[in-house]
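Enquirer: Residue numbers (numbering that gives the first Met the number 0), protein chains in the order written: chain A, 0 to 391; chain B, 0 to 391.
Shown below is the structure under consideration.
Protein chains: 2
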Amino acid sequence: MNTRLAKRMTRLQASPIRDVLASASQPGMISFAGGLPASDTFPAIDIGCVEDEDLQYGPSEGEWLLRDRIAQDLRQRGFDVDASRVLVLSGSQQGIDLVAKLMIERGRQIAVESPTYLAALQVFKLFGATLVPFCIDSLEQAVGGSDNQQALSSDMLYVNPTFQNPSSRVYTASQRALLATACDSNQTMLFEDDPYRELFYQPCDRQPICSMLERAEWVYQSSFSKTLAPGLRLGYLVCSEALYPPLLKLKQAADLHSNRLSQRLVYRMLCDEPVHARLRDIQDSYRSRRDLFSEALNEHFGALASWQVPTGGLFFWLKLQGALSIDTRKLLQPAIEAGVAFMPGEPFFIDPDTAPGYIRLNFSHTRPDLYGHGLATLATLVRSATSESDEV
Amino acid sequence: MNTRLAKRMTRLQASPIRDVLASASQPGMISFAGGLPASDTFPAIDIGCVEDEDLQYGPSEGEWLLRDRIAQDLRQRGFDVDASRVLVLSGSQQGIDLVAKLMIERGRQIAVESPTYLAALQVFKLFGATLVPFCIDSLEQAVGGSDNQQALSSDMLYVNPTFQNPSSRVYTASQRALLATACDSNQTMLFEDDPYRELFYQPCDRQPICSMLERAEWVYQSSFSKTLAPGLRLGYLVCSEALYPPLLKLKQAADLHSNRLSQRLVYRMLCDEPVHARLRDIQDSYRSRRDLFSEALNEHFGALASWQVPTGGLFFWLKLQGALSIDTRKLLQPAIEAGVAFMPGEPFFIDPDTAPGYIRLNFSHTRPDLYGHGLATLATLVRSATSESDEV
């Protein structure tokens with residue numbers, strides 16, 4: 000090909016999510032791979048006739064009624080905002096794309112947790128970011144110390160503090176306050192990604208860190224993919240005042256506006272349905288799945304890995320014994336051939352090759368009666384990989 | 000704000016489309032501004048219950064059945080492709096974003112018609128393109144000559160050869176063949192944007208130029224916004240083999256995948272409905288609107304402007320008398336105050352400030368019985384602007 004692609008394309012790796020989702024949809028596959036919600040949590044939607052208004056072009060900001068409803072929720076989370084500061088997104092992946100366009104060019108330093116959401120890493124790298132690790136524990140241990148100084152003086156800090164993908168970690172109240180103070184005093188622009196917040200299975204602090212900021216610029220985003228339906232592709236962001244106009248222009252340039260029918264459906268579900276009852280049902284259902292998965296894990300992985308039982312979110316994050324010697328990406332193909340899909344841990348790290356030995360297991364998508372068989376199959380593969388590497 | 004935005008943000012102008020769409024939606028406004036389809040062309044959609052599958056995450060490429068159906072249409076247009084080469088988009092604006100990411104970085108030369116679609120100019124500039132003018136007439140007059148040599152040796156050529164927005168111009172068969180040959184022999188990557196192709200009101204050649212290429216790389220895109228419904232935000236692209244994998248990765252990074260419910264609805268409408276009869280109805284309806292608009296234009300603008308009656312598409316493109324002295328952007332505010340919205344011509348040019356005196360008028364959205372009043376109001380404003388500038 001004589002055609003010269005933009006140099007950024009050399010930095011674009013296919014996210015393993017894609018191939019994994021493809022394999023996970025094969026009939027008969029037991030998939031612990033994607034972050035797919037359980038289909039039985041989806042609402043029954045009877046639309047009837049679509050209104051003409053929803054078929055016409057609409058505003059780039061999104062529908063006012065939906066934005067107003069979202070702003071109500073945001074105020075309950077501690078944000079001092081109204082509908083005019085809400086931007087409807089075609090899924091929260093789009094928010095990552097827009098914020099990357101806003102903030103990132105070759106040479107910009109972007110701080111991220113490591114591990115963190117791999118599709119955010121993918122986009123930040125595409126736009127030319129130099130990635131800098133951030134760790135909330137070090138911030139806690141050495142306030143004002145040097146450990147996170149590079150992260151805090153970066154052009155942006157991206158965090159996923161509530162039931163993080165992949166680790167399911169949730170920041171404590173004091174960690175949240177500490178980070179807000181650090182961002183304010185360093186004027187660190189904070190990008191907080193919060194798609195899992197409603198999927199909590201026991202009480203914990205979930206206050207958005209962005210809602211606590213006083214001086215730093217910020218973008219906060221969430222999604223309807225985990226609580227209503229991912230196929231509708233709807234999320235939203237809210238941000239500090241100065242960032243709204245440029246983000247709106249970027250949204251317009253990206254896809255003019257989001258699907259109006261989805262906006263209507265989501266708005267209707269947020270208003271008409273007993274939303275809180277639905278959320279409680281989802282939480283109950285996922286809590287019981289989590290507990291069943293935990294039991295199955297204890298049985299099959301008790302001697303092979305360590306993990307924390309997640310307080311919320313959709314994942315168990317396992318550190319394998321003998322982790323240092325196992326590239327879990329190499330386990331994926333044999334696992335899929337054995338009928339089980341999982342997510343290797345490496346792609347969630349800034350430098351995948353230096354972080355072997357983790358795997359991410361989703362418990363929401365596969366039926367609980369298949370947990371045991373799937374985990375047993377996976378454990379056999381891990382055991383043989385571990386013993387092979389012991390032999391070397 | 001201490002936060003440093005990416006430098007590209009200094010190049011992002013708000014498209015006037017946005018403000019214009021906003022003003023055009025005020026009650027009582029007669030709008031010739033946006034490219035909004037007539038609501039009476041929208042299909043009646045009764046969805047009934049949404050299937051669970053459409054609520055779950057889906058493939059980044061789009062639904063196979065829809066891609067297969069699109070590929071059928073593409074083969075009828077002369078493309079030698081199957082479903083595997085079709086990428087479903089969240090509207091064709093997204094195609095412009097993806098192709099810009101693929102091809103454009105600071106310093107890249109991108110050739111465009113001038114005037115051309117303003118939201119393409121907006122995105123190309125955002126990504127750092129140096130814009131180079133391309134003109135099919137010069138290519139015709141001087142084959143192998145120097146006029147378009149810079150355009151043909153650019154990194155990409157973007158054209159909208161069938162009922163162009165804003166000019167409604169359509170390339171002849173020989174112009175299409177000539178451009179295909181020129182792209183092949185110069186190995187110019189061709190990006191052909193074809194959203195208006197089904198809106199033709201008299202016979203003319205509409206063969207996609209990309210379908211005639213033998214060596215050059217290419218991307219061809221179209222949309223369901225003009226023939227089904229823009230609010231569903233669905234379009235598609237097809238491209239030369241080497242460009243598909245990187246475009247797919249970019250699509251995934253942009254929004255994971257397009258709305259599945261929209262894909263289901265569009266697929267159903269393409270298969271179940273008598274599509275050709277629907278298209279013929281739309282063509283008949285728009286042809287008669289075009290003719291009524293033409294009559295009203297003759298009456299009110301006959302002495303004020305010149306134009307071609309469009310063969311297809313949604314716009315009349317007027318060159319005002321005394322054009323050199325009228326910045327039509329300055330007419331917009333008084334026009335809106337007088338209850339009429341239109342689209343100034345300047346933003347459609349590479350360098351808006353050097354191209355005064357054009358306006359774009361849409362005839363599909365406003366009711367025909369309002370054409371006369373709206374155009375009379377506009378004509379009065381134009382007349383007074385012309386006489387004012389004469390006085391200076």
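From the three backbone atoms N, C-alpha and C, an ideal C-beta is built for every residue, glycine too.
In this text, all values refer to a predicted model and were calculated from it rather than measured experimentally.
#1: Compare the C-beta of residue 222(B) against all C-beta atoms of chain A and say whether one is closer than 7 Å.
#2: Output, in sequence order along the chain, the residues in the region 42 to 54 of chain A whose CB is closer than 9 Å to any CB in chain B.
#3: How should residue 7(A) be labelled, buried or exposed, when 16 other C-beta atoms within 10 angstroms of its C-beta is the threshold for buried?
#4: For the beta strand (DSSP E) containing residue 136(B), list its first residue and its last residue.
#5: Give a yes or no on contact between the region 250 to 260 of chain A and the region 303 to 311 of chain A, applying the rule of three or more CB pairs nearer than 8 Å.
#6: So is residue 377(B) buried or exposed if we call it buried at 16+ other beta carbons inside 10 Å?
#7: Need the endpoints of the alpha helix (DSSP H) that residue 298(A) sits in, please.
#8: Any Cβ of chain A within less than 7 Å of the Cβ of residue 89(B)?
#9: Counting Cβ pairs, one atom from each stretch, are 3 or more of them under 8 Å apart for the region 344 to 364 of chain B and the region 73 to 88 of chain B?
#10: What residues match up with residue 357(A) in a beta bridge as DSSP calls it?
#11: Comparing the C-beta of residue 226(B) with each C-beta of chain A, is any distance below 7 Å?
#12: Taking beta-carbon pairs under 9 Å, can you tell me which members of the region 309 to 333 of chain B lie near chain A?
#13: Closest to residue 3(A) by C-alpha separation, out of 50(B), 41(B), 261(B), 108(B), would be which residue?
#14: Taking the beta strand (DSSP E) that residue 222(B) falls in, what are its first and last residues?
#15: Residue 102(B) versus chain A: which residues are under 7 Å apart at the beta carbon?
#16: Under 7 Å, Cβ to Cβ, is there at least one residue of chain A near residue 216(B)?
#17: Output the boundary residues of the beta strand (DSSP E) element that contains residue 238(A).
#18: For residue 251(B), which residues of its own chain have a beta-carbon under 8 Å away from its beta-carbon, when the five flanking residues on both sides are left out?
#19: How big is the Cα-Cα spacing for residue 120(A) and residue 349(A)?
#20: Would the region 84 to 103 of chain B and the region 283 to 301 of chain B be scored as touching if the rule is three or more Cβ pairs under 8 Å?
#21: With 7 Å as the limit, tell me which residues of the region 351 to 372 of chain B have their beta carbon closer than that to any beta carbon of chain A; keep them in chain order.
#22: Beta carbon of residue 392(A), beta carbon of residue 179(A): below 7 Å?
#23: I'd like to check one pair, residue 234(B) with residue 90(B): are the Cβ atoms closer than 7 Å?
#24: At what residues does the beta strand (DSSP E) containing residue 112(B) begin and finish?
#25: Examine chain A for any beta-carbon lying closer than 7 Å to the beta-carbon of residue 259(B), and answer yes or no.
#26: Do the CB positions of residue 40(A) and residue 358(A) come within less than 7 Å of each other?
#27: Near residue 339(A), which residues of its chain fall below 6 Å by C-beta distance, leaving aside the five closest residues on each side in sequence?
#28: Please specify which runs of the alpha helix (DSSP H), each continuous and at least 4 residues long, are wholly inside the region 153 to 210 of chain B, giving them in chain order.
#29: Would you report the Cα separation of residue 36(B) and residue 53(A), rounded to the nearest angstrom?
#30: Return the residue from the list 47(A), 130(A), 105(A) that minimises the CA-CA distance to residue 347(A).
#31: Could you check whether the region 175 to 194 of chain B touches the region 289 to 300 of chain B, counting it as contact only if at least three pairs of C-beta atoms, one from each stretch, sit closer than 8 Å?
#32: For the alpha helix (DSSP H) that residue 265(B) lies in, which residues bound it at each end?
#33: Starting from residue 369(B) and walking both ways along the beta strand (DSSP E), at which residues does that stretch end?
#34: Where in the region 34 to 99 of chain A do unbroken runs of the alpha helix (DSSP H), each at least 4 residues long, occur, reported from the N-terminal end onward?
#35: Does any residue of chain B bring its CB to less than 7 Å from the CB of residue 232(A)?
#36: Per the DSSP calculation, residue 29(A) is bridged to which residue(s)?
Expert: Quick answer:
#1: Not closer than 7 Å to any Cβ of chain A, the Cβ of residue 222(B) fails to qualify, so no.
#2: Of all residues in the region 42 to 54 of chain A, those with a C-beta nearer than 9 Å to a C-beta of chain B are 42, 43, 44, 45, 46, 47, 48, 49, 51, 52, 53, 54, reading in chain order.
#3: buried
#4: Residue 136(B) -> not in any beta strand (DSSP E); alpha helix (DSSP H) instead, spanning 135 to 140.
#5: At 8 Å Cβ cutoff, the stretches do not touch.
#6: buried
#7: 274 to 300
#8: yes
#9: no
#10: Paired residues: 318(A).
#11: no
#12: none
#13: 108(B)
#14: Its beta strand (DSSP E) spans residues 217 to 222.
#15: 4, 5
#16: yes
#17: 234 to 238
#18: 59
#19: 7 Å
#20: no
#21: none
#22: Outside the shown range of chain A, which is 0 to 391, sits residue 392(A), and nothing can be said about it.
#23: yes
#24: Per DSSP, residue 112(B) belongs to the beta strand (DSSP E) from 108 to 112.
#25: yes
#26: no
#27: The answer, listed in chain order, is 29, 373, 376, 377.
#28: Fully enclosed alpha helix (DSSP H) runs of 4 or longer: 172 to 185.
#29: 13 Å
#30: 130(A)
#31: No contact exists between the region 175 to 194 of chain B and the region 289 to 300 of chain B.
#32: 259 to 271
#33: It is not in any beta strand (DSSP E) - residue 369(B) carries neither H nor E in the DSSP assignment.
#34: 51 to 54, 63 to 75
#35: yes
#36: Looking at the DSSP assignment, residue 29(A) forms a beta bridge with 339(A).
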